[in-house]
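Worksheet: the structure to be examined is printed underneath.
Here's what the structure looks like:
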């Protein structure tokens, strides 16, 4: 379980808020090297990009467990990197959004027996942002019911035959009153992840009085670039929920870490 960590350059005072990018479109790969959020270091954020085991070789919950291990490592080493472990936001798109929501909405890791002995820092997650969020696997549509679909590969078989596993892997199953502020951004015409997925999760969060914002976008998929509309929506959300001062503009520095015990950080 590896991660890349990008830190603001220059002099700084105090602990940095941390934005964690969970990559991946369909759980089959997690190219952390292509993190689209490194520009946030220019606004005083630390940015981490996490990789996890692919669904072709490891079924759920391997992907969640890898992300949790990396979050634990980042939290444990927060003082080394001048990170504030109480100001963390998970961000992802498609499969990455699914994992962000799954981890952020289930701070007790109800079904995560392998990590029960660790103090789990998701209790400190301050915010969540999901783009094209997959909230409820059993309702992804008939194409996803096939054994060869990305969602079926994730849980190890056809969704209709493994409904309990699909529900355990569905973020909406964990919506509760104490969940962190959540931003959902979804393209109305998304042909892969129906907009109803984000709408269902948004409604579930509002029903338990969670600070949830749903933004529906027209047109083609937009990037998370600093000068893009979605990038600015995300930045404003981070400033609001992480209580961040963005006056300074700084140059990023990159560090690579290993989210495993007994393995040193690599630079």
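Numbering (the numbering used here), first residue to last: 6 to 272.
Here a beta-carbon is modelled for each residue, glycine too, at the ideal position from N, C-alpha and C.
| request: Determine which residues share a DSSP beta bridge with residue 97 and list them. | output: Here residue 97 corresponds to residue number 92 of the chain shown, with the count starting at 1. Beta-bridge pairing links residue 97 to 27, 135.
| message | Just to check my reading of the structure: residue 50 and residue 243 have Cβ atoms closer than 8 angstroms, yes? What is that Cβ distance to the nearest angstrom? | response | Residue mapping note: residue 50 aligns to position 45 of the chain shown, counting from 1. Residue mapping note: residue 243 aligns to position 238 of the chain shown, counting from 1. Confirmed, about 7 angstroms.
| said: Quick check on residue 14: does DSSP put it in helix, strand or coil? | reply: Position 9 of the chain shown, counting from 1, holds the residue named residue 14. Reduced to three states, the DSSP call for residue 14 is coil.
| task | Let me know the secondary structure DSSP gives residue 43 once reduced to three states. | result | If you number the chain shown from 1, residue 43 lands on position 38. In the structure shown, residue 43 sits in a helix (DSSP, three-state: H, G or I).
| query | DSSP beta-bridge partners for residue 129? | reply | The residue labelled residue 129 in the question sits at position 124 within the chain shown. Partner(s): none; residue 129 has no beta bridge.
| query | Buried or exposed: residue 101, going by 16 or more other Cβ atoms within 10 Å of its Cβ? | reply | Within the chain shown, the letter at position 96 stands for residue 101. By the neighbour-count rule (16 or more Cβ atoms within 10 Å), residue 101 is buried.
| query | According to DSSP, is residue 249 helix, strand or coil? | reply | On the chain shown, position 244 is the one that residue 249 refers to. Note: residue 249 maps to coil in three-state DSSP.
| task | Have a look at the DSSP bridge pairing and note the partners of residue 187. | result | Counting from one through the chain shown, the residue named residue 187 turns up at place 182. Looking at the DSSP assignment, residue 187 forms a beta bridge with 133, 217.
| message | Which of the three DSSP states is assigned to residue 232 in this structure? | response | Counting from one through the chain shown, the residue named residue 232 turns up at place 227. Correct three-state label for residue 232: coil.
| How many angstroms separate the CA atom of residue 208 from the CA atom of residue 36? | Taking the chain shown and counting its residues from 1, the one referred to as residue 208 is at position 203. Taking the chain shown and counting its residues from 1, the one referred to as residue 36 is at position 31. If I take the Cα positions, the gap works out to 31 angstroms.
| field | Whole-angstrom distance between residue 98 and residue 30, CA atom to CA atom | value | Numbered from its first residue, the chain shown carries residue 30 at position 25. Numbered from its first residue, the chain shown carries residue 98 at position 93. If I take the Cα positions, the gap works out to 7 angstroms.
| said: Assuming residue 164 and residue 181 are in contact, meaning their beta carbons sit under 8 angstroms apart, how far apart are those beta carbons, in whole angstroms? | reply: Looking up residue 164 in the chain shown gives position 159. Looking up residue 181 in the chain shown gives position 176. Not really, about 24 angstroms apart at Cβ, beyond 8 angstroms.
| said: If distances are taken between C-alpha atoms only, which option among 212, 14, 65 comes closest to residue 158? | reply: Translated into the one-based positions of the chain shown, residue 158 becomes position 153. Among 212, 14, 65, the Cα nearest to that of residue 158 belongs to 65.
| Quick one: is residue 162 near chain D, going by C-beta distance under 8 angstroms? | No chain D appears in this structure, which consists of one protein chain only.
| field | According to DSSP, residues forming a beta bridge with residue 88 | value | Residue mapping note: residue 88 aligns to position 83 of the chain shown, counting from 1. Beta-bridge pairing links residue 88 to 21.
| Leaving out five residues before and five after residue 236 in sequence, what residues of the same chain have Cβ atoms less than 6 angstroms from its Cβ? | Locating residue 236 in the chain shown gives position 231, counting from the first residue. Closer than 6 angstroms at Cβ, skipping near neighbours: 229, 230.
| Reduced DSSP category for residue 256 - H, G, I as helix; E, B as strand; rest coil | Counting from 1 along the chain shown, the entry for residue 256 is found at position 251. Because the pLDDT of residue 256 is 37, which lies under 50, any placement of that residue in the model is unreliable, and the number read from its coordinates should be weighed accordingly. Three-state result, residue 256: coil.
| query | Once you ignore the five residues that flank residue 19 on each side, which residues in its own chain have a CB closer than 7 angstroms to its CB? | reply | In the chain shown, residue 19 corresponds to position 14, counting from 1. Excluding positions up to five away in sequence, the list is empty.
| Should residue 68 be labelled buried (16 or more other beta-carbon atoms within 10 Å of its own) or exposed? | Position 63 of the chain shown holds residue 68. So residue 68 counts as buried.
| field | CB-CB length for residue 104 against residue 179, believed under 8 angstroms | value | The residue labelled residue 104 in the question sits at position 99 within the chain shown. The residue labelled residue 179 in the question sits at position 174 within the chain shown. Actually they are not in contact, since the Cβ atoms of residue 104 and residue 179 sit about 13 angstroms apart, beyond 8 angstroms.
| task | Would you check if the distance between the CB atom of residue 80 and the CB atom of residue 21 is smaller than 8 angstroms? | result | The sequence position of residue 80 within the chain shown is 75, counting from 1. The sequence position of residue 21 within the chain shown is 16, counting from 1. Contact flag unset, no.
| Straight-line Cα distance separating residue 177 from residue 89 | Residue 89 sits at position 84 when you count from the first residue of the chain shown. Residue 177 sits at position 172 when you count from the first residue of the chain shown. If I take the Cα positions, the gap works out to 28 angstroms.
| request: Report the three-state DSSP secondary structure of residue 222 (helix, strand or coil). | output: Here residue 222 is taken as the residue at index 217 of the chain shown, counted from 1. Strand.
| query | To the nearest angstrom, how far is it from the Cα of residue 3 to the Cα of residue 245? | reply | Outside the shown range of the chain, which is 6 to 272, sits residue 3, and nothing can be said about it.
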